[in-house]
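Residue 69 is where the sequence shown starts when you use this note's numbering, and the numbers rise one by one after that. Where a beta carbon is used, it is the ideal one built from N, C-alpha and C, also for glycine. Nothing here was measured: the structure is a model prediction, and the numbers come from that model.
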Amino acid sequence: MNSLRPYPRSKGSNFGISISLFEALTFYISPCIYVEAAGMKKPAQLDLPQGTLDLLILRVVALGPIHGYAIAQRIQQMSQEALQVQQGSLYPALHRLEYKKFLAADWRPSETGREAKFYRLTAKGRLQLENETASWTRLTEVVGLILQGPHGETS
């Protein structure tokens, strides 16, 4: 896998990106997540939509109690190495989700024997995950329709 590094944000709009569907894509998303797909000539930068990291965390935690470092690893694994969540974004998001009562946490020994804070989904968090998943699914369907064009053709 190529070494990933952030690219400076331009002062203009982030929507002026022109990418062929047949080119490989490399995106730097937000200060916390890198997305890479095969073969792009020039990297493009996109902002991760607000709340997307929270949604990914809720999805991973829904699988069972898990500590922060393992959440980042699981997101990377589930995305087939395309997403890398940085600690500087992960832990504030975990604290925010815990504050909103979407997650509950307790300290216990990790697989290495060291104490770690394990997060679990609350009933409120499960409802949030369901609602956000439905919204995200609908949004991607609508964007897909627009990208197909009026007669189902792609550019």
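The closest CA to that of residue 191, considering only 214, 165 and 203, is found on 165.
The bridge partners DSSP lists for residue 175 are 185. In this structure residue 126 touches residue 193 by the C-beta definition: roughly 6 Å separates them, less than 8 Å. Counting only residues of its own chain and dropping the five nearest sequence neighbours on each side, residue 189 has a CB closer than 6 Å to the CB of 129 and 130. Residue range 155-167 is occupied by the alpha helix (DSSP H) that includes residue 163. Within 10 angstroms of the beta-carbon of residue 202 lie fewer than 16 other beta-carbons, which makes it exposed. DSSP places residue 144 in the helix class (H, G or I) of the three-state scheme. With contacts defined as CB atoms closer than 9 Å, residue 121 and residue 200 fail to qualify as a contacting pair.
Put simply, the backbone Cα of residue 183 is about 13 Å away from that of residue 138. Taking the CA atoms as reference points, residue 170 sits about 9 Å from residue 195.
Rounded to the nearest angstrom, the gap between the Cα atoms of residue 212 and residue 176 is 43 Å.
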